[in-house]
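**Student:**
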Amino acid sequence: MSLPLTAVSAVTPTAFLAPTTAPTASDPTAGAGFASVLGSIDQLQNLQSTSSSLAVQAVTGDLDDVHDYTIAAAEASTAIELTAAIRNKAVEAFSEIMRMQA
């Protein structure tokens with residue numbers, strides 16, 4: 194039995210992937226961008242902790258629904274992959290800037 198495609202539209206994005214805007218020079222919260230990045234890293238740690246605790250519960254038989262662990266593990270994995278991709282692009286951009294002629 195397959196679900197209709199409309200069921201997929203009920204999925205809401207996580208706070209980890211919330212859109213951000215670039216700060217402007219006249220913006221009094223111009224330094225808040227870096228703080229939000231640190232907050233995202235904290236959220237990544239929380240996703241990993243939740244996944245780990247649910248994994249322990251699943252192994253010990255204390256978890257009622259294995260789907261909870263599967264979803265938490267997928268969210269943590271996706272967040273880690275996204276963070277690594279962003280880091281790689283940042284390092285690549287930094288390297289490119291360093292190669293520019295003054």
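Residue numbering for the sequence shown follows my numbering, starting at 194 and increasing by one per position.
Think of the CB as a built atom: it goes at the ideal place given N, C-alpha and C, for glycine as much as any other residue.
Computed from a prediction, not measured in an experiment: that's the story for all the values here.
(1) Taking only the alpha-carbon atoms, compute the straight-line gap between Leu230 and Thr253 and give it to the nearest angstrom.
(2) With Asp261 as the anchor, note down where its alpha helix (DSSP H) starts and where it stops.
(3) Considering only the beta carbon of each residue, do Leu237 and Ile273 sit closer than 8 Å?
(4) By DSSP, does Asp255 sit in helix, in strand, or in coil?
(5) Could you round the C-beta distance between Ala269 and Gln241 to whole angstroms and report it? I think they count as a contact, below 8 Å.
(6) Out of Leu275, Leu247 and Phe227, state which residue places its alpha-carbon closest to the alpha-carbon of Tyr262.
(7) Among Gly226, Gly232, Ser244 and Ala228, which one has its Cα closest to the Cα of Thr271?
**Tutor:** Straight from the coordinates:
(1) Reading the sequence shown from its first residue, position 37 is the one you call residue 230. Reading the sequence shown from its first residue, position 60 is the one you call residue 253. The sequence shown places Val at residue 230, rather than the Leu named in the question. Cα-Cα distance, rounded: 35 Å.
(2) Counting from one through the sequence shown, the residue named residue 261 turns up at place 68. Run containing Asp261: Val259 to Arg292, per the alpha helix (DSSP H) assignment.
(3) Along the sequence shown, one-based indexing puts residue 237 at 44. Along the sequence shown, one-based indexing puts residue 273 at 80. Contact flag set, yes.
(4) Position 62 of the sequence shown, counting from 1, holds the residue named residue 255. Correct three-state label for Asp255: coil.
(5) Locating residue 269 in the sequence shown gives position 76, counting from the first residue. Locating residue 241 in the sequence shown gives position 48, counting from the first residue. So it is a contact: roughly 5 Å between Cβ atoms.
(6) For this step, residue 262 is matched to residue 69 along the sequence shown. Checking every option, the nearest Cα to that of Tyr262 belongs to Leu247.
(7) To locate residue 271, count along the sequence shown from 1; it is residue 78. Residue Ser244 is the option with its Cα nearest to Thr271.
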